[in-house]
């Protein structure tokens, strides 16, 4: 999902920058010894649900709950990504305590009254609310039926294309390629000649096999020649490209099959989310009074908006 859809991160507040790198470093330096197969522990029972209001620590008399810890783990997950799972909870709690005491000190010294900080906090609150609106007003409302319909629509709107299965022999000079074509004209086996003569490393043991490919996947000269061949035929003249001179044989051709729904379900869902998001933004912008005095800036913004 794009950065547009991400919720505001606690890290972006500038608080707990680095999250006490010195205190976390010993945790990250530890390594857990691998357990032997003989000493494997039995599977643990599913953990019982945890009450989010459970107080796990107090900081200057203020409770820090399980819900606070979950929030810290989620917002600061990137900093904890290299820690073993059993250490993340302690690291998250340590970070949450660190944020609490530093924030309290910032209030004591009046940093919360700083105009720049207040502007940043206002923006971050708006960004967080934007994220909530996206999650609750867009993402959570996408249905499986809408995702399937988007997939069907994309398949219906995609014209069928052919793909080919080809082999080639790549050599440095036109004369070498012409000599190979002459041998093929005399009945020589294409795969054997490819193994013997091609300078393409991947083709030396595969008879020059390139597998299946569609239009535009090869350099233009090669692409044009391969798709012009009939099945079982090879190029009567060498084909030059930036890599050298090719002799190409077409093994087979077929209509390219569309991807299965389950293979692209996530992409289809993202497309639905994107469309719903921009539709929501468009409707809200239409009802909002937006004034941009700078004519050049307004023109640039209008251009961006029209492209959405």
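In the numbering used here, the protein residues as written are 342 to 649.
Think of the CB as a built atom: it goes at the ideal place given N, C-alpha and C, for glycine as much as any other residue.
Just so you know, these numbers come straight off a predicted model, no measurement behind them.
- Per the Cβ contact rule, the region 551 to 571 is in contact with the region 579 to 599 (3 or more Cβ pairs under 8 Å).
- In the structure shown, residue 633 adopts coil according to DSSP, grouped into three states.
- For residue 538, no pairing in a beta bridge is given by DSSP.
- Residue 575 holds the alpha-carbon nearest to the alpha-carbon of residue 528 among 575, 412, 397.
- The beta carbons of residue 432 and residue 421 sit closer together than 8 Å.
- In this structure, the beta-carbon distance from residue 540 to residue 513 falls below 8 Å.
- Contact check for residue 547 against residue 563 fails: the beta carbons are separated by 8 Å or more.
- For residue 510, DSSP records a beta bridge to 588.
- Counting along the chain, the unbroken beta strand (DSSP E) around residue 404 starts and ends at 403 to 406.
- C-alpha of residue 493 to C-alpha of residue 602: approximately 9 Å in a straight line.
- The C-alpha of residue 531 is placed about 15 Å away from the C-alpha of residue 578.
- With the rule of 3 Cβ pairs closer than 8 Å, the region 480 to 495 does not count as touching the region 450 to 469.
- Between residue 587 and residue 510, the C-beta spacing is below 8 Å.
- If you look at residue 472, you'll find it in the alpha helix (DSSP H) that goes 456 to 478.
- Counting every other CB atom within 10 Å of its CB across the protein chains shown gives residue 416 a total of 16 or more, marking it as buried.
- Residue 610 and residue 476 have their C-alpha atoms some 13 Å from each other.
- According to the DSSP assignment, residue 611 belongs to the alpha helix (DSSP H) that extends over 602 to 627.
- By alpha-carbon distance to residue 535, the top candidate from 508, 452, 584 is 508.
- Residue state for residue 649 is assigned as coil, using DSSP reduced to three classes.
- Classified as exposed, residue 463 has fewer than 16 neighbouring CB atoms from the shown chains inside 10 Å of its CB.
- For residue 642 and residue 634, the gap between their C-alpha atoms comes out near 12 Å.
- In this structure, the CA atom of residue 621 is about 9 Å from the CA atom of residue 478.
- Remark: C-beta atoms of residue 424 and residue 398 do not approach each other more closely than 8 Å.
- Apart from sequence neighbours up to five positions away, the residues of its chain that approach residue 392 with a beta-carbon distance below 7 Å are 407, ordered along the chain.
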